[in-house]
Amino acid sequence: MPTPVDLPEYYLSTYNMISCAFPDGITDEDYMPLVAILREEGQMSFRSIARFFTFVTNRGYPQIYNDALFSESNPPNQSEIVRVKYKLILCGYEQWVDAP
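First residue of the sequence shown? That's 196 in our numbering, and the numbers climb one at a time after it.
And the structure:
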């Protein structure tokens, strides 16, 4: 995934982790588990997720925001979350979570 030109610097660590985990882009199958993982323990707000994903997907802000809300009340299957989180862990997820 090439770095979007207009990506704000504060999203760079998130972008680097996700582009490492999904070098060919985020598939539809990975999208909702990824959104749910980024919401875990308040790591990213609904708005922050919506804004970030507008840079790295073809989805619009309102759709992504609604997807983030939906993932909160209807979380993806746990096996899907584990599968996607494993990819993220290999790309620095724990360091990303611990970052200030």
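Heads up, the beta-carbon is just placed ideally off N, CA and C, and yes, glycines get one too.
All figures in this text were calculated on a predicted structure; none of them were measured in a lab.
query, result
"Lys282 to Phe217 span [Cα, whole Å]", "8 Å"
"DSSP-derived helix/strand/coil call for Thr198", "coil"
"Environment of Ala263 [buried if 16+ CB atoms lie within 10 Å]", "buried"
"Nearest-angstrom beta carbon gap, Ile232 and Val279 [assumed within contact, 8 Å]", "6 Å"
"Local conformation of Ile221 per DSSP, three classes", "coil"
"Sequence-distant residues of its chain with Cβ nearer than 7 Å to Ala245 (five each side left out)", "Tyr256, Ile259, Tyr260 and Ala263"
"Given 8 Å, three or more beta-carbon pairs between the stretch 222-236 and the stretch 269-278", "yes"
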